[in-house]
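J.: Take this structure, written in structure tokens, and hold onto it; I'll ask about it next.
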Amino acid sequence: MGFGKVISSAITGIDGRRVVVEADYGDGLPSFDMVGFLSSEVREARERVRSALKNTGIEIPPGRLTVNLSPADLRKQGNAFDLPIAVSILVACGILPEAFTDGYTFVGELSLDGRLRGIEGMLSHAISAGEQGMRGCIVPAENAAEGAMAETVDIFGFETLRDVIDFLLGNMEKDPEPVPDPAARPVREEDLDFSEILGQESLKRAVEVASAGMHGLLLVGPPGAGKSMTAKRIPTILPPLTREEQLETSRIHSVAGILDRSRGMVTMRPFRSPHHTISVQALVGGGLYPRPGEMSLAHNGVLFLDELPEFTRMTLDSMRQPLEDKKILISRVHGTYVFPARVMLVCAMNPCKCGYYPDRNKCRCSEREVRTYLGRISRPFLDRIDISVELPRVSLSEISSERRGESSKEIRRRVLKAWEVQKERYRDDGIVFNSQLSGSQIRKYCVLGQEEKDLMKNVFDRLDLSARAYDRILKVARTIADLSGEERIKAVHLREAVSYRGTDRKISGFM
Amino acid sequence: MERTLACFLLNCVPGISYEKLAKCLEYAGSPEALSEMPGARLSECGAVISFSEQAAWDEWRDPELLKRKYDSMEKKGIVYYSRYDPDFPRRLLTLRDCPFGIFVKGKLPEEERNAAAIVGSRKCTVYGKESAHFFGRMLAKAGIPVISGLALGVDGMAGRGALSAGGYTLAVLGCGADICYPAENIDLYQALSAEGGIVSERPPGYEARPYDFPIRNRLISGFSDVLIVIEAAENSGSMITVNHALSQGKDVFALPGRVGDRMSAGTNELLKNGAQVLTCPEDIFQYFGMTVKNETVRKNQVRLSREEKIILDLMGSTPAGVDDLLEKSCFPVSILTGILVDLEIKGAVKKNGMNGYIRLI
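Chains as they are written, first to last, in our numbering: chain A, 60 to 570; chain B, 980 to 1340.
Take a look at the structure:
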């Protein structure tokens, strides 16, 4: 007859949250009840725990067993509770002294034979345990390396329930899992490189500018012009992830269960390319108990939307707010979840249904079809794209050309320099990139001289731009100036920025 | 029945073709006399009038119904001119199949001015759009009314060009004058009802069917003294307008295109068959015997820097890709894009939408 209590952890959004697992063992008809707002996979833990204990060689004498997971208003789901439930029962039955489990956070799934199985969201559990000042985490061996990356708490990885018991009883010595050495972390061979893109110098330049300021990028071109090929290579010219960024992104990937455990932390900037049939929930995150969507999985990396007009309007419009705020807020009756989503948005589309407009010898779409096709994307969404480039068909001379372009490494160096300039400048403004500049910040940081003002006036009168386009041009010009290491925006920067305006006019009917 | 209202009846009565009504009118002698004839007697004129047509005629012959329709039309700001009206366009009176009357929104072109119609494909190329806009603008600037059809593509661009020069332009519709078809051109439609004119042979509320457009085309050429074809594929609708113009004894100008360009096949064919060659607005001015201070010295008005000249010289008649220009000029890409924007501001080049630029001067 007794009572046992151990600490575990649950995932809400991408954060770990402390959960107390209590077990009460008393007289009465033999039974095993579990309470505490449980999802069905947690409820099923009862059978796994019973068998795992039996197969580990532990006899629980018949009695009335009640397990409670608190706080009672937090929905418990996932497979992390098997181990803490088993341990709490052991404490309640007096097999393990309670003091031995003090200060540890337990997470892990059990198999019927008593082995421990890996779980999702380990990184978040470990970070949360660290914040609570726990002594250590008892986790499945599979997750040990992942948990150790949090660096704030000792991680002990075990293969079986038996080993856990032996360790807690002091029958087995075990050192905490070593913190993986960043240098020793396997860095993925970067098999993609910008030098593989032949010719198309103007495209490469536009991509470089977009990357330097994390501007939204739209690639318009006929099939086979190299839109996807270019987009896939954008992560290779973005500066490497910093330690904090690695942690942020790994955490999201860990919760979503797509973290490659053999590789540990996410070290490459993510590149996510959801299909256009994707639902709103899958894109921005959602569900009754929200999980991160593709936008969050692309956090600190590139979100690529191929065939942009094929996405439903609802899907695209759902991205507007997150693109602005760099995070996604999902409200449910039982709480509000925040998922980070700082992405570089890259979109690709054909100019018309058949893809060959305005080459009238090939394109047989009617004027109306072209307009309908372009009109599927809402204005407010296009307003979030600063740079638009058109890709012509690649000519034969370019395909067969022997000349190779610049490598990703060289471009990345320039982009990194521009990033550093921006970080320094916006230290006190709570933003990082030129693309995030608000109206008042634009007036503060994008000051124009007289010559530049005259140019902008000219551009406005002659090229028929909207007021919104004005701000976009200034933001892009700021990035171009940063790329060339200039303090002030000069006319030459503005001119180049004007050439990237694209979308504004195309939909307006003339083109 | 009063004469205007009697003509109004002829325009409004649904289901009876123009040819049959014309025959009846000839037999009756005047619209008033015709409007007094009951449907059963219409067949006396020699045309075959079916029972349903007779029924429609009897229904619409009611003066009260017509008066009501006439009033509601006036409320929409549409004016009706019968062919007996002194303000009815004189050019149309000479047509073999002159309409019984026309519905006008806005103004009619001034009779004493030489007018030009600009027509062409709806699916035109950038070249076609540019040219339509350019000729529309230049002709309107010289005071020549530009007649067109409000269609997508060439027609619409010609109208926009004319309006951009502050000139007069007239659109002839296949549907009622109160309907904007195609809806995409609503901006143009509104500008025309304020500053130009919209004309239709059909009563307000009438929705066009495909066979209405060839009939409408005879009025486009009818309103004008010369027909300009900008771009047309072979056997396109523009060719119907050309045939109307020729049978009305009007001259046809065609804009030459490149051999092998689908959208220029029709115009090139026209040129081969003896249409006049149109290469600049002066061709039209000369045809009309007008002396217009020519603006082709535009080229000299634009001041170009040395770099801009280099780039411009590298561009030929076909759209030049930015990457081609990069290779030929050896400018760094950031500079070249800037130069092209400058040239665009100066009106020397224009973006064609596929990372290419077209030379305009």
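Note that beta-carbon positions come from the ideal geometry of N, C-alpha and C, so glycine has one too.
#1: From the DSSP output, which residues share a beta bridge with A/Ala-556?
#2: For A/Gln-259, which of helix, strand or coil comes out of DSSP?
#3: Between B/Gly-1326 and B/Asp-1240, what straight-line distance do the alpha-carbon atoms span, to the nearest angstrom?
#4: Please state whether DSSP places A/Lys-549 in a helix, a strand or coil.
#5: Less than 8 Å between the CB atoms is what I'm expecting for B/Val-1208 and B/Gly-1099, so what's the real figure, rounded?
#6: Could you run through the stretch 516–536 of chain A and flag, in chain order, every residue whose CB is less than 7 Å away from some CB of chain B?
#7: At a Cβ cut of 9 Å, what residues of the stretch 541–555 of chain A count as close to chain B, listed as they run along the chain?
#8: Let's see if you can read the secondary structure: which residues bound the beta strand (DSSP E) around A/Thr-164?
#9: What does DSSP give as the partner residues of A/Arg-174 in its beta bridges?
#10: Which value, in whole angstroms, describes the spacing of the CA atoms of B/Leu-1249 and B/Ala-1233?
#11: Go ahead and label A/Ser-358 buried or exposed: buried means 16 or more other beta carbons lie within 10 angstroms of its beta carbon, across all protein chains shown.
#12: Is A/Gln-259 close to chain B? Criterion is C-beta to C-beta, closer than 8 Å.
#13: A/Ile-144 and A/Val-314: beta carbons closer than 8 Å?
#14: Please report the Cβ distance between A/Met-354 and A/Val-343, rounded to the nearest whole angstrom; I am assuming they are in contact, meaning their Cβ atoms lie under 8 Å.
#15: Below 8 Å on the Cβ atoms is my contact criterion, and I expect A/Ile-214 with A/Cys-196 to pass it. Report the Cβ-Cβ distance as a whole number of Å.
#16: Under a Cβ-count criterion, where at least 16 other Cβ atoms within 10 Å of its own Cβ denotes burial, should B/Asn-952 be classed as buried or exposed?
#17: Please find out if some non-hydrogen atom of the ligand SAM comes closer than 7 Å to the beta-carbon of A/Pro-237.
#18: Per DSSP, B/Ile-1337 forms a beta bridge with which residues?
#19: Compute the distance between the beta-carbons of B/Met-980 and B/Ser-1014, then report whether it is under 8 Å.
#20: If you draw a straight line from the alpha carbon of A/Arg-430 to that of B/Glu-1163, how long is it in whole angstroms?
#21: Which same chain residues end up closer than 7 Å to A/Ile-501 when comparing Cβ atoms and leaving out the 5 residues on each side of it in sequence?
#22: Using a C-beta to C-beta distance shorter than 7 Å, which residues of chain A count as neighbours of B/Leu-1283?
#23: Kindly provide the ranges of any alpha helix (DSSP H) runs that are 4 or more residues long and lie completely inside the stretch 1218–1304 of chain B, ordered along the chain.
#24: Reducing DSSP to helix, strand and coil, say where B/Glu-1091 ends up.
#25: Helix, strand or coil for A/Leu-124, going by three-state DSSP, please let me know.
#26: Can you give the beta carbon distance from A/Cys-406 to A/Leu-364, rounded, assuming they're within the 8 Å contact cut?
#27: Please confirm whether A/Ala-269 and A/Ile-387 have their CB atoms less than 8 Å apart.
#28: Name the DSSP beta bridge partners of A/Ala-407, please?
#29: Can you list, in chain order, the residues of its chain whose CB lies under 7 Å from that of B/Arg-1277, leaving out five sequence neighbours each side?
#30: Can you tell me which of the three DSSP states B/Ser-1308 falls into?
#31: For A/Thr-301, which of helix, strand or coil comes out of DSSP?
#32: At least one CB of chain A closer than 8 Å to the CB of B/Ser-1061: is that the case?
#33: Counting only beta-carbon atoms, is A/Glu-483 nearer than 8 Å to chain B?
#34: Look at the alpha carbon of A/Gly-280 and the alpha carbon of A/Val-551, and state the distance between them as a whole number of angstroms.
#35: Helix, strand or coil for A/Asp-132? Go by DSSP, reduced to three states.
#36: Pick from B/Cys-1154, B/Gly-1245 and B/Tyr-1185: whose alpha carbon is nearest that of B/Tyr-1212?
T.: Per the coordinate set shown:
#1: Position 497 of the first sequence, counted from the first residue, corresponds to residue 556 of chain A. For A/Ala-556, which the question treats as bridged, DSSP gives no partner whatsoever.
#2: In the first sequence, residue 259 of chain A corresponds to position 200, counting from 1. In this structure, A/Gln-259 counts as coil in the three-state DSSP scheme.
#3: Translated into positions along the second sequence, residue 1326 of chain B becomes position 347. Translated into positions along the second sequence, residue 1240 of chain B becomes position 261. Straight-line Cα distance between these residues: approximately 25 Å.
#4: As a position in the first sequence, residue 549 of chain A is number 490, starting the count at 1. In the displayed model, A/Lys-549 falls within coil according to three-state DSSP, outside both helix and strand.
#5: Within the second sequence, the letter at position 229 stands for residue 1208 of chain B. Within the second sequence, the letter at position 120 stands for residue 1099 of chain B. About 6 Å separates the two Cβ atoms, so the contact holds.
#6: Asn-517, Val-518, Arg-521 and Leu-522
#7: With the criterion set as a beta carbon lying under 9 Å from some beta carbon of chain B, the members of the stretch 541–555 of chain A are Leu-542, Ser-543, Ala-550, Val-551, His-552, Leu-553, Arg-554 and Glu-555, in sequence order.
#8: Along the first sequence, one-based indexing puts residue 164 of chain A at 105. Start and end: 163–165.
#9: To locate residue 174 of chain A, count along the first sequence from 1; it is residue 115. Residue pairing from DSSP places A/Arg-174 in a beta bridge opposite A/Thr-219.
#10: Translated into the one-based positions of the second sequence, residue 1249 of chain B becomes position 270. Translated into the one-based positions of the second sequence, residue 1233 of chain B becomes position 254. So the two alpha carbons sit approximately 7 Å from each other.
#11: Indexing the first sequence from 1 puts residue 358 of chain A at position 299. Checking the sequence, you will find His at residue 358 of chain A rather than Ser. Flag for A/His-358 reads buried.
#12: Walking along the first sequence from the start, residue 259 of chain A turns up at place 200. With 8 Å as the cut-off, A/Gln-259 counts as an interface residue toward chain B.
#13: Here the question's residue 144 of chain A lines up with position 85 in the first sequence. Here the question's residue 314 of chain A lines up with position 255 in the first sequence. No, they are not a contact pair.
#14: Against the first sequence, residue 354 of chain A aligns to sequence position 295. Against the first sequence, residue 343 of chain A aligns to sequence position 284. The Cβ separation is near 5 Å, so the contact holds.
#15: Translated into positions along the first sequence, residue 214 of chain A becomes position 155. Translated into positions along the first sequence, residue 196 of chain A becomes position 137. The pair is a contact, with the Cβ atoms about 5 Å apart (cut-off 8 Å).
#16: Summary: the structure shown does not reach residue 952 of chain B, with chain B confined to residues 980 through 1340, and so no result is reported for it.
#17: Ligands in the displayed structure: none, and consequently the ligand SAM is not present.
#18: Here residue 1337 of chain B is taken as the residue at index 358 of the second sequence, counted from 1. For B/Ile-1337, the beta-bridge partners assigned by DSSP are B/Lys-1329.
#19: Counting from one through the second sequence, the residue named residue 980 of chain B turns up at place 1. Counting from one through the second sequence, the residue named residue 1014 of chain B turns up at place 35. Cβ atoms of B/Met-980 and B/Ser-1014: closer than 8 Å.
#20: As a first step, residue 430 of chain A is located in the first sequence; it is residue number 371 there, counting from the start. As a first step, residue 1163 of chain B is located in the second sequence; it is residue number 184 there, counting from the start. Going by the C-alpha atoms only, they are around 9 Å apart.
#21: By one-based count along the first sequence, residue 501 of chain A stands at place 442. Same-chain partners within the cutoff: Asp-530, Leu-533 and Lys-534.
#22: The count along the second sequence starts at 1 and reaches residue 1283 of chain B at position 304. Those within 7 Å of B/Leu-1283 in chain A number zero; the least Cβ separation is about 15 Å.
#23: Every alpha helix (DSSP H) stretch that sits fully inside the stretch 1218–1304 of chain B and reaches 4 residues is listed by chain position as 1244–1251, 1260–1266, 1277–1280 and 1285–1293.
#24: In the second sequence, the residue the question calls residue 1091 of chain B occupies position 112. DSSP places B/Glu-1091 in coil when its eight states are reduced to three.
#25: Mapped onto the first sequence, residue 124 of chain A falls at position 65. Reduced to three states, the DSSP call for A/Leu-124 is strand.
#26: Along the first sequence, read from residue 1 onward, the residue named residue 406 of chain A stands at position 347. Along the first sequence, read from residue 1 onward, the residue named residue 364 of chain A stands at position 305. With a Cβ gap of about 5 Å, A/Cys-406 and A/Leu-364 count as contacting.
#27: Residue mapping note: residue 269 of chain A aligns to position 210 of the first sequence, counting from 1. Residue mapping note: residue 387 of chain A aligns to position 328 of the first sequence, counting from 1. No. Outside cutoff.
#28: The sequence position of residue 407 of chain A within the first sequence is 348, counting from 1. A/Leu-278.
#29: Locating residue 1277 of chain B in the second sequence gives position 298, where the first residue counts as 1. For B/Arg-1277, the predicted structure reports a pLDDT of 49, less than 50, and the residue's modelled location is therefore unreliable. The matter cannot be settled from this model.
#30: Taking the first residue of the second sequence as 1, we reach residue 1308 of chain B at position 329. Per DSSP, reduced to three states, the secondary structure at B/Ser-1308 is helical.
#31: The residue given as residue 301 of chain A occupies position 242 in the first sequence. Looking at A/Thr-301 - three-state DSSP - the assignment turns out to be coil, as it is neither helix nor strand.
#32: Position 82 of the second sequence holds residue 1061 of chain B. Taking Cβ atoms only, chain A never reaches closer than 8 Å to B/Ser-1061, which makes this a no.
#33: In the first sequence, residue 483 of chain A corresponds to position 424, counting from 1. It does not: the Cβ of A/Glu-483 has no partner Cβ on chain B nearer than 8 Å.
#34: In the first sequence, counting from the first residue as 1, residue 280 of chain A sits at position 221. In the first sequence, counting from the first residue as 1, residue 551 of chain A sits at position 492. When rounded, the distance between both Cα atoms is 26 Å.
#35: On the first sequence, position 73 is the one that residue 132 of chain A refers to. In the structure shown, A/Asp-132 sits in coil (DSSP, three-state: anything other than H, G, I, E or B).
#36: Translated into the one-based positions of the second sequence, residue 1212 of chain B becomes position 233. In the sequence as presented, Tyr is not what sits at residue 1212 of chain B; that position holds Ala. With distances taken between Cα atoms, B/Ala-1212 lies closest to B/Gly-1245.
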